[in-house]
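When the count follows UniProt numbering, it moves up by one through the sequence shown with no breaks and lands on 605 for the last residue.
Yeah, the Cβ is synthetic: ideal placement off N, Cα and C, and Gly gets one too.
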Amino acid sequence: MKSRLEHAPDILVADTAHNPSGHSPDPFGALARETAADGPEPSPSAPDDKPPANVSGTFGSALRGPYEEPLRGIFEEVLGLPRVGVDDDFFALGGQSLHALRIVGRARRELGVELTVSGLFATPTVAGLASRAAPAAGLSYPAPHPRPRTVPLSAAQRQLWCAGHRSGLTSAGIALAHHLTGRLDIPALRQAVIDVITRHTPLRTLIRHGDGQPYQHRLPPPDASSALSLVHTTPGALAARVARFCDRAFDPGADRPLRTALFRLNPAEHVLVLAAHPLAADHGSLGPLLRDLSEAYSARRTGARPDWAPLQPDYTGHTLGERARDGQCAGPGARAARTPAAGRRRDAEPIVFRLSPRLCREIAALAREAGATVLMVLQTAVAATLSTLGAGAVVPVDVYVPGRPDASLDLLVGRFAHTLTLRADVSGDPSFRRLLARVRAVNLAAYDRQDLPHACPAAPSGTPFLPVTLALDDGERARPELPGLAVRALPTRRRDIRCALAISFTAEPAEPAEPAEPAEPSEPSELATSTEPAVPAGPAETPVPAGPARYGAGGMTALIEYRPELLDEPAASRLAHCLVRLLERSLSAPDRPLSLLALPAPELP
1 MKSRLEHAPD
11 ILVADTAHNP
21 SGHSPDPFGA
31 LARETAADGP
41 EPSPSAPDDK
51 PPANVSGTFG
61 SALRGPYEEP
71 LRGIFEEVLG
81 LPRVGVDDDF
91 FALGGQSLHA
101 LRIVGRARRE
111 LGVELTVSGL
121 FATPTVAGLA
131 SRAAPAAGLS
141 YPAPHPRPRT
151 VPLSAAQRQL
161 WCAGHRSGLT
171 SAGIALAHHL
181 TGRLDIPALR
191 QAVIDVITRH
201 TPLRTLIRHG
211 DGQPYQHRLP
221 PPDASSALSL
231 VHTTPGALAA
241 RVARFCDRAF
251 DPGADRPLRT
261 ALFRLNPAEH
271 VLVLAAHPLA
281 ADHGSLGPLL
291 RDLSEAYSAR
301 RTGARPDWAP
311 LQPDYTGHTL
321 GERARDGQCA
331 GPGARAARTP
341 AAGRRRDAEP
351 IVFRLSPRLC
361 REIAALAREA
371 GATVLMVLQT
381 AVAATLSTLG
391 AGAVVPVDVY
401 VPGRPDASLD
411 LLVGRFAHTL
421 TLRADVSGDP
431 SFRRLLARVR
441 AVNLAAYDRQ
451 DLPHACPAAP
461 SGTPFLPVTL
471 ALDDGERARP
481 ELPGLAVRAL
491 PTRRRDIRCA
501 LAISFTAEPA
511 EPAEPAEPAE
521 PSEPSELATS
531 TEPAVPAGPA
541 ETPVPAGPAR
551 YGAGGMTALI
561 EYRPELLDEP
571 AASRLAHCLV
581 RLLERSLSAP
591 DRPLSLLALP
601 APELP
């Protein structure tokens, strides 16, 4: 790989040399290797545990147990479909890994049954999943009072804290900007921000140290003067000022983890910007954050208080309940970690490229055929590309899981998302289809155990070992609903690389049938800029139908972010090129050995 990607970081050419003890540096590594290397693999014509796909369209089948009807309702709500037959195939309906996690979590919460993601993948229908249902033990949370004087970090916070100890944990994890048009009640908005910060304690929590351990230190709610900054600006200066606001470094031990600013363009136009530290909020926090902000603003503009039921559990209750279930399970390195100094590493422009709608259709088709998901296919392609470029026979990839197994946690703002380190075994020159089967087996084993304590993997030097990070975004964006105002989301971009290499894919909607109306000249410009695509987009394709199988209806935008001290821009561009080429060739011939799909050096740009 170093011969093709000059200056590639050591992490990309690492294998078990990083772990001479032979112990797995993450809870799933040993199981992953055993399942991938030694377990049976399906033939190309018969994917393992996967019956033929079926979308029956028949909804009147006789119910065969007490769980089928409520499970069908959960399927319909999670997949966003009006009707689902009990024998309809989950994958043919557009189901993905996150859908499976949500279905299993909701079934546990609402029906009191124990289900697994691997069980859903093995029998991917309502009827099949219902036949596997067993009574669940249930999640327990301690009573609200009394509580200890100091609250430890949650498992997801500990994992992120370990990563931050090595690479810095000073950038915003969430950066949102919304253009507001209309008559804005600024005092009501300011009080609504205070209401939301009061309700969700992670938004007013610092990370302090006591007895060598990090813990959560609650602050009182902010006063009116500090809750919302009002900044007068112009459309021409807006993008730069918002970027500076979002890029300001956080000190987790001293700075409030949520910053809000209102940029005033004129009396009828404002831009509301929120930036939150990743220890305080994750992507799953956007829904409750913006929903509660909307409800609080609606109440405050009429002189009332928001009428909220108490959060049960709140984030503290979640942390203590998790601690009680898991025991004393601080990850390696947590005791030695200290607050990273607030600072800023050298920025590098990300590499942006696209996957065409045609290619996305082929990805989705192979996923359905293999009983896998779009994310698994992308993970397989990333692992195959890195291995082809010299990363070794076992390629570790970090993937995000939402970490909210209980539906009550969907109401909370906080850090729940965490990563699972999944190792793809590329040994033996497998075909792309065979490698996908290995990835599928490893991922399902990990998904079933995602709620175990999250260890902090460490290299021999004692610093955390961070693999390549992979993320898939469905492209849906929450936005506040503020009465009397037209609200439009504006793009923002974070520059926060806590690993050597991060590859993310964002699904784009199908192109509209009619041309979109041109934007009004007075609207502010986009807040994000990027490099030119490293891989030119192909010819226009007919988009796939919208619906639950929406991933890539209009193609996907891909982003490669990297730490410039470890990887240079030409090498990152070559990686993007190789990834697209390998996807194109492997999807057209998924049963050919990977060695026959490798890109010869002269083809590299």
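**Prompt:** Using the rule of at least 16 other Cβ atoms within 10 Å of the residue's Cβ for burial, across every protein chain shown, is residue 338 buried or exposed?
**Reply:** The pLDDT assigned to residue 338 is 41, lower than 50, so where the model puts this residue is not dependable; a value taken from the coordinates is nonetheless given after this. By the Cβ neighbour-count rule, residue 338 is exposed, with fewer than 16 other Cβ atoms within 10 Å of its own.
**Asked** What residues are listed by DSSP as bridge partners for residue 473?
**Response** 506
**Message:** Assess contact between the segment 420–439 and the segment 478–493, defined as three or more Cβ pairs (one per stretch) separated by less than 8 Å. Is contact present?
**Reply:** no
**Message:** My output table needs one value for residue 112: the three-state DSSP class, helix, strand or coil.
**Reply:** coil
**Item:** DSSP-derived helix/strand/coil call for residue 229
**Value:** strand
**Message:** Tell me which residues share the same chain as residue 70 and place their Cβ nearer than 6 Å to its Cβ, disregarding the 5 neighbours each side in the sequence.
**Reply:** Only 111 meet the Cβ criterion.
**Item:** Three-way DSSP call (helix, strand, coil) for residue 129 in this model
**Value:** helix
**Asked** What's the call for residue 518, buried or exposed, on a 16-neighbour Cβ count within 10 Å?
**Response** Note that residue 518 has pLDDT 41, beneath the 50 cutoff, so the model's placement of it is unreliable and the number below is only indicative. Exposed, because fewer than 16 other Cβ atoms sit within 10 Å of the Cβ of residue 518.
**Asked** Is it the case that the Cβ atoms of residue 645 and residue 366 are separated by a distance below 8 Å?
**Response** Nothing can be reported for residue 645: it is not among the residues displayed for the chain, which extend from 1 to 605.
**Message:** Strictly by DSSP, which residues pair up with residue 425?
**Reply:** 394
**Prompt:** Going by other Cβ atoms of all chains shown within 10 Å of its Cβ, with 16 needed for buried, is residue 118 buried or exposed?
**Reply:** Buried, because 16 or more other Cβ atoms sit within 10 Å of the Cβ of residue 118.
**Request:** Quick one: measure Cβ to Cβ for residue 297 and residue 192, integer angstroms, because I've assumed they're closer than 8 Å.
**Result:** 4 Å
**Message:** Comparing C-alpha positions only, which one of 350, 73 and 229 sits nearest to residue 568?
**Reply:** 350
**Message:** Pairs of beta-carbons, one from the segment 277–284 and one from the segment 175–191, closer than 8 Å: are there three or more?
**Reply:** no
**Message:** Considering just the uninterrupted stretch of the alpha helix (DSSP H) at residue 191, what are its terminal residues?
**Reply:** 186–199
**Beta-carbon proximity list for residue 125, same chain, < 7 Å, skipping 5 on both sides** = 86, 87, 88, 89 and 90
**Request:** Would you give the residue range spanned by the alpha helix (DSSP H) that residue 480 belongs to?
**Result:** Neither: residue 480 is in no alpha helix (DSSP H) and is coded neither H nor E.
**Request:** Check whether the Cβ atoms of residue 510 and residue 554 lie closer than 8 Å to each other.
**Result:** yes
**Asked** Taking the Cβ atom as the reference point for each residue, do residue 573 and residue 375 lie within a distance shorter than 8 Å?
**Response** Between residue 573 and residue 375, the CB-CB gap reaches or exceeds 8 Å.
**Prompt:** Would residue 271 pass as a contact of residue 242 if the rule is Cβ separation under 8 Å?
**Reply:** Going by beta carbons, residue 271 and residue 242 fall inside the 8 Å limit.
**Expected contact under 8 Å - CB spacing of residue 442 and residue 386 to nearest Å** = In fact, because the Cβ distance is near 16 Å, the residues do not count as touching under 8 Å.
**Request:** Please report the Cβ distance between residue 279 and residue 306, rounded to the nearest whole angstrom; I am assuming they are in contact, meaning their Cβ atoms lie under 8 Å.
**Result:** Residue 279 to residue 306, Cβ: 25 Å. No contact.
**Message:** Starting from residue 261, trace the beta strand (DSSP E) in both directions and tell me its first and last residue.
**Reply:** From DSSP, the beta strand (DSSP E) with residue 261 extends over 258–266.
**Item:** Which residues DSSP lists as bridging residue 210, in chain order
**Value:** 213
**Asked** Got a sec, what are the start and stop residues for the beta strand (DSSP E) residue 559 sits in?
**Response** 556–562
**Unbroken beta strand (DSSP E) run spanning residue 180, endpoints** = Looking at the DSSP string, the run of the beta strand (DSSP E) that includes residue 180 is 174–182.
**Asked** Which one or two residues does DSSP pair with residue 586 in a beta bridge?
**Response** DSSP, once it has assigned bridges, lists no residue as partnering residue 586.
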